[in-house]
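Numbering (the UniProt record's numbering), first residue to last: 1 to 257. By construction, the Cβ of each residue, glycine as well, lies at the ideal position given by its N, Cα and C atoms. Here's the structure, in structure tokens; my notes come after.
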Amino acid sequence: MRKHVFAGSFLAAFTLATPALANTPDKAPPHQKWSFEGATGTYDKASLQRGFLVYDHVCASCHGMRSLTYRDLEGIGLSDQAITDLAHSKQIPGPVGISGMPTMRPGLPDDHFRSPFPNDAAAAAVMGGVAPPDQSRLAAVHPGGADWLYAFLTGYRMPPPADAPIVPGKFYNDWAEGHMIGMPPPLMNGAIQYPDGTPATVEQQAKDITTFLVWAADPHRNERHHIGKEVLAYLAVLLVLAIAWKRKIWKNLKSHG
């Protein structure tokens with residue numbers, strides 16, 4: 001039950017807050033320090049793995065990630081066996097059985113992430129008329145990107161400020177339009193347990209799930225930056241050789257001058 005409550009909160013946070021923030025362009029989210037930012041930035045695989053854990057335990061009950069397969073999790077450092085075990089633990093829609101009824105089967109590494117609903121209409125019917133947005137590209141398409149995701153997830157204030165209006169059924173968030181939103185905080189201190197012993201504070205969970213969502217939207221950033229570094233090193237060597245060759249030519253010209 002707790003898992004579904006958190007998942008519903010996560011859904012509402014992203015679904016309801018997106019248009020709200022679009023109406024507050026004058027407010028930029030505070031910049032956070034991210035390992036992946038900059039021309040030489042790379043993803044922190046430990047954070048990616050923790051972020052996937054948050055996704056799998058908190059929001060996967062409502063949000064799909066249609067662009068990812070379980071095998072893609074090699075990119076966050078999961079082993080082949082871990083990926084196989086994870087995929088096998090998910091029930092994926094199978095072929096229609098001999099009775100004409102749909103069947104389910106254990107997932108395979110090449111399967112796309114299991115969708116929590118059969119279709120958007122079913123999702124909307126369950127979630128109050130709004131189908132949960134797919135999270136595969138959320139970090140790339142939302143204004144503010146990683147900084148916004150982190151700001152919103154950590155922007156709830158409980159209790160609210162003394163001067164905040166009291167609205168039954170609403171919660172105060174620094175990043176909601178009018179600072180009020182209908183869903184409770186999706187993350188709670190200690191709601192999950194990290195296998196590596198990292199304290200699962202709200203701030204840590206927010207940073208980890210944000211890192212994972214950025215990776216999901218741009219999973220090849222590490223490889224791209226690695227190639228970029230190699231190209232720069234190659235060009236630097238060529239520059240040194242060119243300078244040395246130029247000096248040698250000028251030295252020969254001067255000696256024969």
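Straight-line Cα distance separating residue j from residue i
i	j	result
residue 191	residue 207	15 Å
residue 202	residue 188	6 Å
residue 41	residue 219	13 Å
residue 72	residue 80	10 Å
residue 47	residue 63	20 Å
residue 58	residue 186	8 Å
residue 151	residue 118	31 Å
residue 263	residue 209	What the structure shows of the chain is the stretch from 1 to 257, and residue 263 is not part of that stretch, so it cannot be assessed.
residue 160	residue 239	60 Å
residue 168	residue 162	16 Å
residue 83	residue 53	13 Å
residue 38	residue 49	21 Å
residue 196	residue 242	49 Å
residue 43	residue 34	9 Å
residue 67	residue 111	11 Å
residue 91	residue 74	20 Å
residue 129	residue 144	26 Å
residue 27	residue 99	57 Å
residue 250	residue 204	60 Å
Same chain only: Cβ atoms within 7 Å of residue i, ignoring 5 sequence neighbours per side
i	result
residue 88	106, 107
residue 102	93, 96
residue 131	120, 123, 124
residue 65	113, 134, 135, 136, 216
residue 30	147, 151
residue 155	173, 174, 175
Helix, strand or coil at residue i according to DSSP, with G and I counted as helix
i	result
residue 194	coil
residue 328	This structure leaves residue 328 out entirely; the chain is present only between 1 and 257.
residue 91	strand
residue 71	helix
residue 105	strand
residue 43	coil
residue 252	helix
residue 181	strand
residue 112	strand
residue 130	coil
residue 22	Because residue 22 sits at a pLDDT of 40, beneath the cut-off of 50, its placement in the model cannot be relied upon, and the following sentence gives the value as read from the coordinates. It is helical.
residue 171	strand
Whole-Å CB distance - residue i paired with residue j, under 8 Å assumed
i	j	result
residue 51	residue 212	3 Å
residue 116	residue 60	7 Å
Cβ of residue i within 8 Å of any chain B Cβ
i	result
residue 167	Absent from the structure is chain B; it holds one protein chain and no more.
Contacts around residue i, its chain only, beta-carbon distance under 6 Å, and the 5 residues preceding and following it disregarded
i	result
residue 157	172
residue 164	172
residue 138	213
residue 194	50, 200
residue 25	Annotation note: pLDDT 42 at residue 25 (below 50); position unreliable, no value reported.
* **Complete beta strand (DSSP E) runs within the stretch 131 to 168 (minimum length 3 residues, chain order)** => Those beta strand (DSSP E) runs which fall completely within the stretch 131 to 168 and span 3+ residues do not exist here.
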